[in-house]
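Novice:
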Amino acid sequence: MIRQRVKNIIDACVEQGISEGIWSEAVAGKYTIEVPKREGQGDFSTNMALVLAGIHKGNPRQIATQLVSLLEKETEYIEHLEIAGPGFVNIFLKPMVWQHALFSVFEQRGKFGLSSVGTNRKVMVEFVSANPTGPLSVGHGRQAILGDAIARLLTATGHDVFREYYFNDAGRQMRVLGESTRARYLELLGLPSQFPEDGYQGDYIQDVAREMITEHGDALKDHADVAPFTVKAKELIFKNISGTLGRMGIIFDNYYNEHTLYEKGLVDAVVADLRSKDLVYEKEGATWFKTTAFGQEQDRVIIKSTGEPTYRLPDIAYHREKFRRNFDWLINVFGSDHIATVPDVLAGVRALGYDDSKVTVVLHQFVTLLRDGKQVKMSTRKATFITVDELLDEVGVDVARFFFMMRKADSQLEFDLDLATKESQENPVYYVQYAHARICSILRQAEDKGVQKRPIIEIDTTLLVAPEELQLLKSMNSFPAMIEEAALGLAPHRVIFFLMELAGQFHSYYNKHKVITENIALSQSRLCLIEALQIVFHNGLHIVGLTAPQEM
RNA sequence: GCACCAGUAGCUCAGCUGGAUAGAGCAACGGACUACGAAUCCGUAGGUCGGGGGUUCGAAUCCCUCCUGGUGCACCA
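Read in order, the letters of the first sequence correspond to residues 1128 to 1679 in this note's numbering.
1. Just checking my contact of residue 1527 with residue 1518 at CB under 8 Å: how many whole Å lie between their CB atoms?
2. Relative to the C-alpha of residue 1668, which residue among 1533, 1409, 1491 and 1142 is closest?
3. Which residue wins for smallest C-alpha separation from residue 1269, given the options 1256, 1418 and 1338?
4. For the segment 1349 to 1400, which segments carrying the beta strand (DSSP E) assignment without a break, of at least 3 residues, lie completely within its bounds, in sequence order?
5. What three-state label does DSSP hand residue 1514 in the structure shown?
6. Among 1400, 1467 and 1637, which one has its Cα closest to the Cα of residue 1426?
7. Roughly how far, in whole angstroms, is the beta-carbon of residue 1555 from the beta-carbon of residue 1609, given that I think they are within contact range, below 8 Å?
8. Do you know how far the Cα of residue 1234 is from the Cα of residue 1679?
9. Which residues share a DSSP beta bridge with residue 1331?
10. If you draw a straight line from the C-alpha of residue 1496 to the C-alpha of residue 1538, how long is it?
11. What are the boundary residues of the beta strand (DSSP E) that includes residue 1459?
12. For residue 1346, does the count of other Cβ atoms within 10 angstroms reach 16, so buried, or fall short, so exposed?
13. According to DSSP, is residue 1594 helix, strand or coil?
14. Identify every run of the beta strand (DSSP E) within the segment 1418 to 1447, keeping only runs that are complete inside it and at least 3 residues long; order them along the chain.
15. Which runs of the alpha helix (DSSP H) spanning at least 4 residues fall entirely within the segment 1514 to 1573, listed in chain order?
16. Over the uninterrupted beta strand (DSSP E) stretch that includes residue 1413, give me the two end residues.
17. So does the segment 1670 to 1678 actually touch the segment 1271 to 1282, counting three or more Cβ pairs closer than 8 Å?
18. Cα separation between residue 1457 and residue 1247?
19. Apart from the five residues just before and just after residue 1611, which ones in its own chain have a Cβ nearer than 7 Å to its Cβ?
20. Could I get the ranges of all uninterrupted beta strand (DSSP E) runs contained in the segment 1150 to 1237, with 3 residues as the minimum, in chain order?
21. Comparing alpha-carbon positions, which option in 1195, 1281, 1605 and 1175 lies nearest residue 1209?
22. On the DSSP bridge list, what partners appear for residue 1495?
23. For the alpha helix (DSSP H) containing residue 1658, list its first residue and its last residue.
24. Is the segment 1218 to 1232 in contact with the segment 1582 to 1589, if contact means three or more CB pairs nearer than 8 Å?
25. Please check the pair residue 1218 and residue 1171, which I expect to be a contact at CB under 8 Å, by giving their CB distance rounded to whole angstroms.
26. Roughly how many angstroms separate the alpha carbons of residue 1109 and residue 1429, rounded to a whole number?
27. Are the beta-carbon atoms of residue 1335 and residue 1306 separated by less than 7 Å?
28. Quick one: is residue 1471 buried, meaning 16 or more other Cβ sit within 10 Å of its Cβ, or exposed?
29. Can you grab the Cα-Cα spacing for the pair residue 1333 / residue 1316, in whole Å?
30. What residue from 1291, 1167 and 1482 has the CA that sits closest to residue 1372's CA?
31. Decide if residue 1133 is buried, meaning its Cβ has at least 16 other Cβ atoms within 10 Å, or exposed.
32. Could you please give the first and the last residue of the uninterrupted beta strand (DSSP E) stretch that includes residue 1481?
33. Determine the closest residue to residue 1222 out of 1677, 1200, 1169 and 1177, with distance taken between C-alpha atoms.
34. Counting along the chain, where does the beta strand (DSSP E) carrying residue 1681 start and finish?
35. Below 7 Å between beta carbons: does that hold for residue 1232 and residue 1281?
36. Cutting at 8 Å between CB atoms, please list the residues of its own chain near residue 1419, excluding the five before and the five after it.
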């Protein structure tokens, strides 16, 4: 907000310069205004002179001097100006500008930081979408948290968000799941059995088999159809998955079942439509989709010679349905192992006449667990992976959420269990939460000591002049823009970094300045400051699904 | 072989999409509580931003190339 105001001032001065014929209008819109990294370089700075000099081979410092003489007339916000380095114009604002930021925090309270950029934009976030063949592993955990945090951020910025889980309950994998279950069932009954070569080896399959024995005894031992086994396994595993998601506070608006695509004839429809556009052909008994027409190296099979579709076909049908359901933005959160499917699906929707630029795929890299400084080996085949449930048992929901959000999706994530289980010191989760709890504690303390809390209008905010206080005010002021950038950039890790930074600033401030002192007016101003901080911590933590404890 | 991602302090990672003297947390070392909560703070030390070219006023950031690691490149999902 303040940034925008400063930008307006600069824009006006540049306009004036252009109309007076000092500068060419080629600069308009080319320069930026930013927050300098280093102290002493002002609250904001602009590279306008450098940009203009670049266009006309002029002298940047001379242009900067002209700009400064125009800006100098703006005395309401600007305290003073400096020309620095190669030709940056550094702008120092009056402290009052920042002190005023407190007002909007208190005006908006729980809504401070929320925005409306996404108003009237209907967006679907598809995430997790794990096959119901086993419990969620830590990789799914990252995806679940990432997807949920993205959804929360988008909600916070006014989007109409719909969370969906694509439930893959058709095809070969389900059959193998049923066969695995039957084999365990027979095994537990002491009967001869043959475990499928690529079967699911996890203990949870035996749990399903045990459940079936309780329900049916040995009545199914000669049953030719695997269906009852598949159905039961799917049911129990799904219950397990949704239970895990529930523990993490993740609620989907819809589970989209793959089999409904077949029931409604939507899969066949895709083939027919592609065929009518001459994008499908038969070869070696299989049906191929001409993905080479969309820049790929080779065509892809969509129906195997056995008559079974490959995974891409229902995927394309599913995405077409998403378009038909009128979303403005389709976000898919996938593990990086699904990278190969992305171009196929995009080619599919494009072939069907939809705008694939509405689809954004967030690919996240893998998670490695670290215990005692060593990597924990995991194998899905042998079912030696660590499940999300086990992780939650060990570190708790807040810590798991926080750690999964700490890295940008593009980076591999190293989850250090030793650090995560530490209840103190270096655990960054508590570092942030402690800042919030500490503020709550000071506010309680003030109440006990009888220091009156006063409404913001009666507070003398000009008493907040310590460098640390101004820094805190600036950080708070940048909170809404940060949320917006994190949301639109689908980057929850930015919120985490912001909160850690703010917590650091607060802890330093706390150690340097006393909030409650003999000086009543100053104490009240500082109480206001930290109450505003409390609001920011609370909102920031909640926006990404973390709790803000009052005490720890 | 091809595609995508990553390579930044001893370790784990940021770096606001091209800005000024590259940052933080751990780890190391030295300090600060008869208390607004020490789950905290202050200080010291630590760098050829993987290598090499290029683009320009200016590059960790953009382009090319090479090296290393991860993930894919099925008539598995």
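For every residue, glycine included, the Cβ atom is placed at its ideal position computed from N, Cα and C. Model, not experiment: these values are computed from the prediction.
Specialist: Let me lay it out:
1. Walking along the first sequence from the start, residue 1527 turns up at place 400. Walking along the first sequence from the start, residue 1518 turns up at place 391. Indeed, because the Cβ distance is near 6 Å, the residues count as touching under 8 Å.
2. Translated into the one-based positions of the first sequence, residue 1668 becomes position 541. Measuring from the Cα of residue 1668, the nearest candidate turns out to be 1533.
3. Counting from one through the first sequence, the residue named residue 1269 turns up at place 142. Closest by alpha carbon: 1256.
4. 1381 to 1384
5. Reading the first sequence from its first residue, position 387 is the one you call residue 1514. The answer is strand: DSSP assigns residue 1514 an E or B state.
6. Locating residue 1426 in the first sequence gives position 299, where the first residue counts as 1. Selected option, being the one with the closest Cα: 1467.
7. Counting from 1 along the first sequence, the entry for residue 1555 is found at position 428. Counting from 1 along the first sequence, the entry for residue 1609 is found at position 482. About 18 Å; that fails the 8 Å criterion.
8. Along the first sequence, read from residue 1 onward, the residue named residue 1679 stands at position 552. Along the first sequence, read from residue 1 onward, the residue named residue 1234 stands at position 107. The straight-line gap from Cα to Cα measures roughly 28 Å.
9. As a first step, residue 1331 must be located in the first sequence, where it is residue number 204. Paired residues: none, contrary to the question.
10. For this step, residue 1496 is matched to residue 369 along the first sequence. For this step, residue 1538 is matched to residue 411 along the first sequence. Rounded to whole angstroms, residue 1496 to residue 1538 spans 14 Å at the Cα level.
11. Working through the first sequence from its first residue, we reach residue 1459 at position 332. Here the beta strand (DSSP E) through residue 1459 covers 1456 to 1462.
12. Sequence index remark: in the first sequence, residue 1346 carries index 219 (1-based). The residue is exposed, with fewer than 16 neighbouring Cβ atoms inside 10 Å.
13. Numbered from its first residue, the first sequence carries residue 1594 at position 467. Residue 1594: helix per DSSP, three-state reduction.
14. 1427 to 1430
15. 1515 to 1522, 1524 to 1532 and 1544 to 1548
16. Translated into the one-based positions of the first sequence, residue 1413 becomes position 286. Its beta strand (DSSP E) spans residues 1413 to 1416.
17. yes
18. Locating residue 1457 in the first sequence gives position 330, counting from the first residue. Locating residue 1247 in the first sequence gives position 120, counting from the first residue. When rounded, the distance between both Cα atoms is 14 Å.
19. As a working note, residue 1611 is residue 484 in the first sequence. Hits under 7 Å: 1242, 1244 and 1284.
20. 1171 to 1173, 1205 to 1211 and 1215 to 1220
21. Within the first sequence, residue 1209 is the residue found at index 82, counting from 1. Of the candidates 1195, 1281, 1605 and 1175, the one whose C-alpha sits nearest the C-alpha of residue 1209 is 1195.
22. For the purposes of this step, residue 1495 is identified with residue 368 of the first sequence, where counting begins at 1. Paired residue(s): 1541.
23. Locating residue 1658 in the first sequence gives position 531, where the first residue counts as 1. Start and end: 1647 to 1670.
24. yes
25. Walking along the first sequence from the start, residue 1218 turns up at place 91. Walking along the first sequence from the start, residue 1171 turns up at place 44. Right, the Cβ-Cβ distance comes to about 5 Å (below 8 Å), so this counts as a contact.
26. Absent from the structure is residue 1109, since the part of the chain shown begins at 1128 and ends at 1679.
27. Indexing the first sequence from 1 puts residue 1335 at position 208. Indexing the first sequence from 1 puts residue 1306 at position 179. No, they are not a contact pair.
28. Stepping through the first sequence from its first residue, residue 1471 is reached at position 344. By the 10 Å Cβ count, residue 1471 comes out buried.
29. On the first sequence, residue 1333 is found 206 positions in, with the first residue counted as 1. On the first sequence, residue 1316 is found 189 positions in, with the first residue counted as 1. Straight-line Cα distance between these residues: approximately 12 Å.
30. To locate residue 1372, count along the first sequence from 1; it is residue 245. Ranking 1291, 1167 and 1482 by Cα distance to residue 1372 puts 1291 first.
31. Locating residue 1133 in the first sequence gives position 6, where the first residue counts as 1. Residue 1133 comes out buried.
32. Start at 1 with the first residue of the first sequence, and residue 1481 comes out as number 354. Looking at the DSSP string, residue 1481 is not in any beta strand (DSSP E), and its letter there is neither H nor E.
33. For the purposes of this step, residue 1222 is taken as residue 95 along the first sequence, with counting starting at 1. Cα-wise, what sits closest to residue 1222 is 1169.
34. This structure leaves residue 1681 out entirely; the chain is present only between 1128 and 1679.
35. Start at 1 with the first residue of the first sequence, and residue 1232 comes out as number 105. Start at 1 with the first residue of the first sequence, and residue 1281 comes out as number 154. It is not a contact, given that the beta carbons lie outside the stated cut-off.
36. Within the first sequence, residue 1419 is the residue found at index 292, counting from 1. Here the set comprises 1425 and 1426.
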